[in-house]
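Peer 1:
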Amino acid sequence: MLTELKQHVARRLGLTPEEVFDGRPLSAVLVASPTAINSIDLLDAFAGALADTGFDDDVELPTMTLDHTAEDVVQALGRQLAPTAS
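Using this note's numbering, the letters of the sequence shown map in sequence onto residues 1209 to 1294.
1) Quick one: Cα of Ser-1294 to Cα of Leu-1285, how far?
2) Buried or exposed: which applies to Arg-1298, given that a residue is buried once 16 or more other Cβ atoms fall within 10 Å of its Cβ?
3) Between the stretch 1268 to 1276 and the stretch 1215 to 1228, can you find at least three pairs of beta-carbon atoms closer than 8 Å?
4) In chain order, what residues of the same chain lie with their CB nearer than 8 Å to the CB of Glu-1268, ignoring the 5 residues before and after it?
5) In the DSSP output, what is Pro-1291 paired with across the bridge?
6) Exposed or buried, what is Val-1282 when buried is set at 16 or more other beta-carbons lying within 10 Å of its beta-carbon?
7) Buried or exposed, going by whether 16 or more other CB atoms sit within 10 Å of the CB of Val-1237?
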């Protein structure tokens, strides 16, 4: 389920999953993305990916800074989804 979420986030940012989830901070992902202009676009990519995967009603996007990684965001979402996965 998180793999699919990562694929949708990357697609929405115009990057590969490897480029988004390679451990670079979100600020670097933003610079690398051909479609994202600001942090709102990053937020939209994650929110849209949650909607694409049907998890948008199950979680809230965590508060993160641009110093965090995309993996940090996905892990926080995964912790919220863990109770619903069982």
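Quick reminder that beta carbons are idealized off the backbone N, C-alpha and C, glycines included.
Peer 2: With the given structure in hand:
1) Residue placement at Ser-1294 is poorly supported in this model, since its pLDDT is 46, which falls under 50; the coordinates are not used for a value here.
2) In the structure as shown, the chain starts at 1209 and stops at 1294, and residue 1298 therefore has no counterpart that could be examined.
3) Counting Cβ pairs under 8 Å, fewer than three are found: no touch.
4) The answer, listed in chain order, is Gln-1288.
5) None; Pro-1291 has no bridge partner.
6) Per the 10 Å Cβ criterion, buried.
7) Buried is the call here.
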